[in-house]
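Protein sequence lines, in the order shown, are assigned to chains A and B.
Add 398 to the 1-based position in the first sequence for the working numbering, that's all there is to it.
Add 109 to the 1-based position in the second sequence for the working numbering, that's all there is to it.
The beta-carbon is built from N, C-alpha and C at its ideal position, and this holds for glycine as well.
Step one of this worksheet: look at the structure below.
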Amino acid sequence: MLAAAPGKTGYWNAGTGGLTGKNGMNLPTNLDIGEVPFQPWSKALYEARRADQQKNDPHARCVPPGGPRQFHTPYGLLIYELPEAKRVLVLSGGGPRTWRVIFMDGRPHPTSDDFIPTFLGHSVGKWEGDTLAVDSVGFNEQFWFARAGYPHTDALHLIEHISRPDYNTLKYEATIDDPKAYTKTWTGGHYIYWVPDEDFEEYFCQDNNRDPSHLVGQ
Amino acid sequence: MSRAMRQPMKLRAVAVLVLLAPWLIAQEGHPLKGTWHGSWGVNAQDRTPVTLVMDWDGKSVTGIINPGVRSSPIEKAAFDPSNWQFHFEANYKDRAGAMARVAIDAKIQDVTNPRRSLVGTWTQGDKKGDFKAVRDN
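Next up, the structure:
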């Protein structure tokens, strides 16, 4: 439902769009940045990151794109459903060429005692009609979950809704539930366009980093 | 493979890990969370090493000074993100095991950098000196 039609090829042209603001590819329901319910420390840190032009964004150093970051990492995105394995795979063409597993077999999240926080967390999903609903926890604090630099903590609980309103459009929406960084949950998202009849090129951040502007001062 | 050959390979592996470590384990959450190493002293020669381990529970900063047998819990932690100023106090056990009340006032410098610093003053009894600690990656 979220991949190419049988016998066809193509990929999602991730790379633009964000969780706040209503411009461009963003959802018209997005909050403006001034409406994001930051805690004082996360607001100050977000503003500091913007002020120094995000020069310390870990993503520019090839750290994996956890959460919504995977949906606006340049060089494309593929979503493959594996019904026999009861999994959905989200494959990134950019960054360190990350792949993420969404378990569709009804399993619960592991308890914190059984799980070491990771870049991609632990994701379980289910279909709500034509929308893939994904619930993720277990993130570490070593990445920025969006290009804009919104801070998060290890308490991040992410709820994503991914749908395809038409063949050439993906709608991505994420609800951020992190009570250690925000005073309440908030939601944002964007659209992604389909690139037909092409596969994404081979790109590895570690081999050919094309984001040197964010390595200033390092 | 001989033991003599394995040794340089081990050293190279350690060197690679050390070089990659800053990128692999950078802390991007609350700017005070993590382990900080530094020192305080009344002058440049007379320094006392200090280790801080701190966490953020969503409402307050918690932590300890010098984890181990002489560890001291952080008390009265107050953080002002508008200027990155941080104050805390503790009942601190020195190297001789003597207890002293300490108060630290420091500011986070270069807050977006994973290797950010805490720079300020350390007051211990009637002594007041400078304090600096750098956050581990």
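With DSSP run on the structure shown, which of helix, strand or coil describes residue i?
{"i": "A:Trp-542", "result": "coil"}
{"i": "A:Glu-571", "result": "strand"}
{"i": "A:Gly-446", "result": "According to the sequence as given, residue 446 of chain A is Ala; it is not Gly. Three-state result, A:Ala-446: helix."}
{"i": "A:Ser-561", "result": "strand"}
{"i": "A:Ser-594", "result": "According to the sequence provided, residue 594 of chain A is Pro. The question's Ser does not apply to it. In the structure shown, A:Pro-594 sits in a strand (DSSP, three-state: E or B)."}
{"i": "A:Asp-576", "result": "coil"}
{"i": "A:Lys-441", "result": "helix"}
{"i": "A:Gly-432", "result": "helix"}
{"i": "A:Glu-600", "result": "coil"}
{"i": "B:Trp-109", "result": "Not covered by the structure: residue 109 of chain B. The range shown for chain B is 110 to 246."}
{"i": "A:Tyr-589", "result": "strand"}
{"i": "B:Gly-206", "result": "coil"}
{"i": "A:Tyr-548", "result": "coil"}
{"i": "A:Ser-534", "result": "strand"}
{"i": "B:Leu-120", "result": "Low local confidence applies: a pLDDT of 48 at B:Leu-120 is under 50, so the model's placement there is unreliable, with the coordinate-based value given in what follows. Helix."}
{"i": "B:Arg-244", "result": "strand"}
{"i": "B:Val-211", "result": "strand"}
{"i": "B:Lys-237", "result": "strand"}
{"i": "A:Asp-605", "result": "coil"}
{"i": "B:Ala-187", "result": "strand"}
{"i": "A:Trp-584", "result": "strand"}
{"i": "B:Ala-199", "result": "strand"}
{"i": "A:Leu-556", "result": "strand"}
Name the chain B residues that come within less than 8 Å of residue i, Cβ to Cβ?
{"i": "A:Ala-402", "result": "Per Cβ cutoff of 8 Å: no residues; A:Ala-402 is ~34 Å from chain B at best."}
{"i": "A:Asp-450", "result": "Thr-221"}
I'd like to know if residue i contacts chain A, where contact means its C-beta is closer than 8 Å to some C-beta of that chain.
{"i": "B:Trp-145", "result": "no"}
{"i": "B:Val-220", "result": "yes"}
{"i": "B:Ala-130", "result": "Because the pLDDT of B:Ala-130 is 45, which lies under 50, any placement of that residue in the model is unreliable, and the number read from its coordinates should be weighed accordingly. Chain A contact via Cβ: absent."}
{"i": "B:Ser-181", "result": "no"}
Residues of chain A with CB under 7 Å from residue i, in chain order?
{"i": "B:Ala-135", "result": "Pro-456 and Gln-540"}
Whose Cβ in chain A lies nearer than 9 Å to the Cβ of residue i?
{"i": "B:His-196", "result": "Simply none; closest approach about 15 Å."}
Any heavy atom of the ligand GTP within a distance shorter than 7 Å of the CB on residue i?
{"i": "B:Ile-174", "result": "Although the ligand GTP was asked about, the structure shown includes no ligands whatsoever."}
Against residue i, what residues of chain B qualify as contacts under a CB-to-CB distance less than 9 Å, listed in chain order?
{"i": "A:Lys-578", "result": "Gly-138, His-139, Trp-165, Asp-166, Gly-167 and Lys-168"}
Of all the CB atoms in chain B, is at least one closer than 8 Å to the CB of residue i?
{"i": "A:Thr-414", "result": "no"}
{"i": "A:Trp-497", "result": "no"}
{"i": "A:Thr-551", "result": "yes"}
{"i": "A:Trp-439", "result": "yes"}
{"i": "A:Asp-605", "result": "no"}
{"i": "A:Asp-511", "result": "no"}
{"i": "A:Leu-489", "result": "no"}
Just to make sure I have the definition right: I need the residues of chain B whose C-beta is within less than 7 Å of the C-beta of residue i. Which are they?
{"i": "A:Arg-447", "result": "Thr-221"}
{"i": "A:Ala-442", "result": "Pro-190 and Ser-191"}
Measuring only between beta-carbons, confirm whether residue i sits less than 8 Å from chain E.
{"i": "A:Pro-404", "result": "The question asks about chain E, but that chain is absent: this structure's protein chains are A and B."}
Within the chosen definition, does the region 582-600 of chain A reach the region 168-186 of chain B through at least 3 CB pairs nearer than 8 Å? The region 582-600 of chain A makes no contact with the region 168-186 of chain B, as fewer than three CB pairs between them are under 8 Å.
List in chain order: all unbroken beta strand (DSSP E) runs of 3+ residues lying wholly within the region 399-428 of chain A. 408-410
Uninterrupted beta strand (DSSP E) stretches inside the region 450-530 of chain A (no shorter than 3 residues): 475-480, 485-490, 497-501 and 520-526
Counting pairs of beta carbons, one from the region 517-535 of chain A and one from the region 424-431 of chain A, are three or more of them closer than 8 Å? Taking a contact to require three or more Cβ pairs closer than 8 Å, the region 517-535 of chain A and the region 424-431 of chain A do not qualify as touching.
Within the chosen definition, does the region 481-497 of chain A reach the region 599-606 of chain A through at least 3 CB pairs nearer than 8 Å? yes
For the region 124-185 of chain B, list the beta strand (DSSP E) runs that are entirely contained and at least 3 residues long, ordered along the chain. 143-150, 156-165 and 170-174
Any 3 or more C-beta pairs closer than 8 Å across the region 544-555 of chain A and the region 454-469 of chain A: yes
Three or more beta-carbon pairs under 8 Å between the region 572-583 of chain A and the region 546-555 of chain A, yes or no? In short, these stretches touch, since the Cβ pair count reaches three.
Evaluate the contact criterion for the region 212-225 of chain B versus the region 137-153 of chain B: three or more CB pairs, one atom per stretch, below 8 Å. yes
Could you check whether the region 135-143 of chain B touches the region 161-176 of chain B, counting it as contact only if at least three pairs of C-beta atoms, one from each stretch, sit closer than 8 Å? With a cut-off of 8 Å, the region 161-176 of chain B and the region 135-143 of chain B count as touching, because enough Cβ pairs lie within range.
Can at least three beta-carbon pairs, one atom from the region 219-226 of chain B and one from the region 239-246 of chain B, be found at a separation below 8 Å? yes
Quick check: the region 550-569 of chain A against the region 454-462 of chain A, are at least 3 beta-carbon pairs closer than 8 Å? no
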